[in-house]
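K.L.:
For reference, the structure I am asking about is given below.
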Amino acid sequence: MNIIKKIILSASIFVIIFCFLATTLKGAPNLQGQKNKELYENKIYNISLEYNGEWKVNPNYIEKYEGKDGFFQISAYAGKGIEIDEIAQSEASHKLRPYGNSFKITKLSIQGQEARLIMPSNDQSQEFNNQAELIVKYPKEININGNTYNYFILWADKYNIQEISRTLKFVS
Numbered sequence: 109m110n111i112i113k114k115i116i117l118s119a120s121i122f123v124i125i126f127c128f129l130a131t132t133l134k135g136a137p138n139l140q141g142q143k144n145k146e147l148y149e150n151k152i153y154n155i156s157l158e159y160n161g162e163w164k165v166n167p168n169y170i171e172k173y174e175g176k177d178g179f180f181q182i183s184a185y186a187g188k189g190i191e192i193d194e195i196a197q198s199e200a201s202h203k204l205r206p207y208g209n210s211f212k213i214t215k216l217s218i219q220g221q222e223a224r225l226i227m228p229s230n231d232q233s234q235e236f237n238n239q240a241e242l243i244v245k246y247p248k249e250i251n252i253n254g255n256t257y258n259y260f261i262l263w264a265d266k267y268n269i270q271e272i273s274r275t276l277k278f279v280s
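Using the working numbering, the letters of the sequence shown correspond one by one to residues 109 to 280.
Right, here's the structure in full:
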């Protein structure tokens with residue numbers, strides 16, 4: 109009987125320790141998954157966002173940052189008098205099929221503004237490098253070099269675009 113009590117006591121202690129460690133470690137951050145975040149601010153496009161701090165400026169493109177695990181690039185779209193759904197459909201259905209044949213367009217709201225997220229399908233051409241696109245209506249039209257723009261455009265790889273879009277803010 110003593111042996112059975114010792115086995116039960118040992119098993120109980122093991123279960124308690126296991127449950128304690130599992131609960132404690134569950135909330136601990138995954139340090140390998142953590143990225144060094146950097147704040148990107150652009151007063152021309154009136155936006156700020158956070159991105160992976162390991163990404164560097166690509167000198168071959170305007171406003172593009174990239175690294176071994178992703179990229180982002182920004183732009184603007186005039187779109188005066190054009191609905192956001194029409195713009196999203198036009199971008200996704202371009203003759204080059206930048207998002208594949210079975211892309212997905214999702215309605216979002218970013219800082220209270222209408223937005224559309226275009227996610228590529230599995231048949232997206234490799235040359236587009238897993239590119240996805242976010243289109244957001246500016247709170248108020250902006251002027252860049254004498255041209256008026258009503259929509260902000262963010263291109264990023266499909267693995268990072270949602271995380272980046274959650275940090276997007278319009279600034280004046």
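All residues carry an ideal CB built from backbone N, CA and C; glycine is no exception.
Is the separation between the beta-carbon of I213 and that of I226 shorter than 7 Å?
P.N.:
yes
K.L.:
Rounded to whole angstroms, what is the Cα-Cα separation between Q219 and D193?
P.N.:
18 Å
K.L.:
Tell me the rounded alpha-carbon separation between L216 and R224.
P.N.:
C-alpha of L216 to C-alpha of R224: approximately 6 Å in a straight line.
K.L.:
Label I190 either buried or exposed according to how many other C-beta atoms from any shown protein chain fall within 10 Å of its C-beta, with 16 as the threshold for buried.
P.N.:
The residue in question, I190, is exposed, as its Cβ has fewer than 16 Cβ neighbours within 10 Å.
K.L.:
Measure the C-alpha to C-alpha separation of I182 and Y159 and round it to an integer number of angstroms.
P.N.:
Between the alpha carbons of I182 and Y159 lies a gap of roughly 12 Å.
K.L.:
Between the Cα of N79 and the Cα atoms of S280, K151, K176, E171, which residue gives the shortest distance?
P.N.:
The question about residue 79 has no answer here: the residues shown for the chain are numbered 109 through 280.
K.L.:
With H, G and I counted as helix, E and B as strand and the rest as coil, what does DSSP make of I177?
P.N.:
A small fix is needed here, since residue 177 is Asp in this sequence, not Ile. The answer is coil: DSSP assigns D177 none of H, G, I, E or B.
K.L.:
Alpha carbons only, please: which of Y185, S201, Q221 is nearest the one belonging to Q232?
P.N.:
S201
K.L.:
Please list, in chain order, all residues of the same chain as N209 whose beta carbon is under 8 Å from its beta carbon, the five residues on each side excluded.
P.N.:
S229, D231
K.L.:
Roughly how many angstroms lie between the CA atoms of N268 and G178, to the nearest whole one?
P.N.:
7 Å
K.L.:
Does DSSP put I272 in a helix, a strand or coil?
P.N.:
helix
K.L.:
Output the boundary residues of the alpha helix (DSSP H) element that contains A186.
P.N.:
Where A186 is concerned, there is no enclosing alpha helix (DSSP H), given that its DSSP letter is neither H nor E.
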